[in-house]
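Listed below in structure tokens is the structure:
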């Protein structure tokens, strides 16, 4: 089989929840064609979805070597770093993503999550607010902002954000959580 055929086989396998089979196919595609960006992207997502954050990070770092100006790769790597509680690295990756695309609302939202984990609540509020200024329909940002407000004892503000998030949940007109709609 060719690299493209292995890649497509991986796509078919993942649809059937065959993570192991899909991962093996994408690894084989990359053995045959080490510059196949789409295979890195799918492989990183598969590892992330399985909770294999170290492996996902390894794949995203390899992908960055091929595409160093792609803000979504930095974004994805930042998410992996946050999940691994490597908060300083997570902030660096989101900051780099934003330097490449200052309108990337999801990166501001992710930055807010990381700041919250670091107990930098004012910075978290600013980041989530910026995400919502850029994309008022980013439902998860309302939820996360509400959580930060609760942590700060700002219950009225929290309630307002949670109500906004409920509108998102009711209508599903806003973006889904990480990974479902982005390119990473």
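In the numbering used here, the protein residues as written are 699 to 882. C-beta atoms are modelled at their ideal positions from N, C-alpha and C, and glycine is treated no differently.
Taking the beta carbon of residue i as the centre, do at least 16 other beta carbons fall within 10 Å, making it buried, or is it exposed?
{"i": "residue 764", "result": "exposed"}
{"i": "residue 866", "result": "buried"}
{"i": "residue 841", "result": "buried"}
{"i": "residue 743", "result": "buried"}
{"i": "residue 748", "result": "exposed"}
{"i": "residue 788", "result": "buried"}
{"i": "residue 868", "result": "exposed"}
{"i": "residue 804", "result": "buried"}
{"i": "residue 854", "result": "exposed"}
{"i": "residue 837", "result": "buried"}
{"i": "residue 703", "result": "exposed"}
{"i": "residue 699", "result": "exposed"}
{"i": "residue 733", "result": "exposed"}
{"i": "residue 857", "result": "exposed"}
Specify, as a first and last residue, the run of the alpha helix (DSSP H) that residue i falls within.
{"i": "residue 713", "result": "701-713"}
{"i": "residue 781", "result": "769-781"}
{"i": "residue 792", "result": "785-798"}
{"i": "residue 862", "result": "853-869"}
{"i": "residue 753", "result": "751-764"}
{"i": "residue 748", "result": "Unbroken run through residue 748: none, as it is neither H nor E."}
{"i": "residue 730", "result": "717-730"}
Is the CB-CB distance between residue i and residue j below 9 Å?
{"i": "residue 839", "j": "residue 806", "result": "yes"}
{"i": "residue 775", "j": "residue 796", "result": "no"}
{"i": "residue 832", "j": "residue 843", "result": "no"}
{"i": "residue 738", "j": "residue 723", "result": "no"}
{"i": "residue 740", "j": "residue 712", "result": "yes"}
{"i": "residue 735", "j": "residue 745", "result": "no"}
{"i": "residue 814", "j": "residue 846", "result": "yes"}
{"i": "residue 769", "j": "residue 802", "result": "yes"}
{"i": "residue 720", "j": "residue 701", "result": "no"}
{"i": "residue 780", "j": "residue 811", "result": "yes"}
{"i": "residue 883", "j": "residue 782", "result": "There is no way to answer for residue 883, as the model of the chain reaches only from 699 to 882."}
{"i": "residue 767", "j": "residue 798", "result": "yes"}
{"i": "residue 816", "j": "residue 863", "result": "no"}
Could you tell me which uninterrupted alpha helix (DSSP H) segments, each at least 4 residues in length, are contained entirely in the stretch 805-861, listed from first to last along the chain? 819-832, 837-849
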